[in-house]
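Some notes on the structure that comes next.
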Amino acid sequence: MKMTVRALTLGLLTTLLIASPVFTRAQTAGRSAADTELAERHYRRGNTYNNLERYDEAAKEYELSLAADPDYSESIRNLANIYYFQERYADAIPLLQRYVQLEKDITVSVIASFNTLGQLLRDATRYDEAIEVDLQAIEHDPGNISQIYVMANTYFNAGRTQDAIRVYEKALTVKPDDAFIHRTLGRMYEDVGRDADALQQYRAAAQLDPESQFYRDLITQLETRLGQ
Numbered sequence: 001m002k003m004t005v006r007a008l009t010l011g012l013l014t015t016l017l018i019a020s021p022v023f024t025r026a027q028t029a030g031r032s033a034a035d036t037e038l039a040e041r042h043y044r045r046g047n048t049y050n051n052l053e054r055y056d057e058a059a060k061e062y063e064l065s066l067a068a069d070p071d072y073s074e075s076i077r078n079l080a081n082i083y084y085f086q087e088r089y090a091d092a093i094p095l096l097q098r099y100v101q102l103e104k105d106i107t108v109s110v111i112a113s114f115n116t117l118g119q120l121l122r123d124a125t126r127y128d129e130a131i132e133v134d135l136q137a138i139e140h141d142p143g144n145i146s147q148i149y150v151m152a153n154t155y156f157n158a159g160r161t162q163d164a165i166r167v168y169e170k171a172l173t174v175k176p177d178d179a180f181i182h183r184t185l186g187r188m189y190e191d192v193g194r195d196a197d198a199l200q201q202y203r204a205a206a207q208l209d210p211e212s213q214f215y216r217d218l219i220t221q222l223e224t225r226l227g228q
């Protein structure tokens with residue numbers, strides 16, 4: 001599973017490891033200029049060690065940066081990434097949670113953080129937290145179809161069919177023209193006895209892909225069973 005996490009979070013690793021030495025963030029509200037300056041100084045030192053692959057020393061500098069300013073998001077982000085590389089996933093999770101809470105603009109780094117956080121929470125079987133993060137990840141990264149299937153399959157295999165359904169329902173709000181998602185959601189609806197909803201999804205899939213005999217067969221079989 002650890003290799004799976006690495007494969008799914010390549011964007012996070014690339015974005016977070018190479019931190020820009022240029023600091024442009026405004027002073028955190030409620031922090032003194034001295035606190036912010038100290039946080040920035042340790043952040044820059046951390047970046048130097050990070051670029052030299054001296055990760056333990058980099059982590060220490062980022063920790064000192066956060067001691068000066070707990071909301072210094074660049075240090076939060078980079079420290080989370082180091083913990084991730086060191087497989088300290090339990091330590092990375094709260095940092096990623098804090099980072100996505102602080103960042104208001106949806107950037108590549110934020111999107112990658114949502115994806116990584118959701119994956120780590122699922123791996124830790126913290127499903128109630130994971131599903132809420134995953135739904136936000138889908139909204140912010142609608143083109144990441146493979147991630148959507150990973151999310152849904154994880155919940156389904158864990159016996160959490162309703163969460164898998166929520167994933168596919170959310171996916172259709174951002175990818176309404178994906179016939180396979182309609183078909184898969186239909187299967188999920190059938191599994192929980194929502195046959196009328198399943199039929200609606202199969203019909204939507206067939207409309208999007210009229211050449212598919214498979215979708216037509218699904219409709220015919222379900223209509224026959226429902227006596228339509």
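In my numbering, the protein residues as written are 1 to 228. Note that the Cβ used here is the ideal one computed from N, Cα and C, for glycine as well.
* Nearest to T107 by alpha carbon, out of E139, V192, A34, A205? -> E139
* **Three-state secondary structure assigned by DSSP to A158** => coil
* Neighbourhood of A158 by C-beta, 8 Å cutoff - its chain only, sequence neighbours within 5 removed -> T125, Y127
* Which class does S146 belong to by DSSP, given the choice of helix, strand or coil? -> helix
* **Three-state secondary structure (DSSP) of P70** => coil
* Asked: Whole-angstrom Cβ separation of E74 and Y43, contact assumed at under 8 Å?
  -> 6 Å
* **Exposure label - N51; buried when at least 16 CB within 10 Å** => exposed
* Selection from A34, E63, D217 that minimises the alpha carbon distance to G46 -> E63
* Shortest alpha-carbon distance to E87 belongs to which of Q200, R160, L120? -> L120
* Asked: Looking at the unbroken alpha helix (DSSP H) that takes in I106, where does it start and where does it end?
  -> No alpha helix (DSSP H) holds I106; DSSP gives it neither H nor E.
* **Endpoints, the alpha helix (DSSP H) within which Q86 is located** => Careful: Q86 lies outside any alpha helix (DSSP H) and carries neither H nor E.
* Limits of the alpha helix (DSSP H) - the one that R225 falls within -> 213 to 226
* Asked: Candidates E37, L79, N81: which alpha carbon is nearest A68's?
  -> E37
* Classify R166 as buried or exposed, calling it buried when 16 or more other Cβ atoms lie within 10 Å of its own Cβ. => buried
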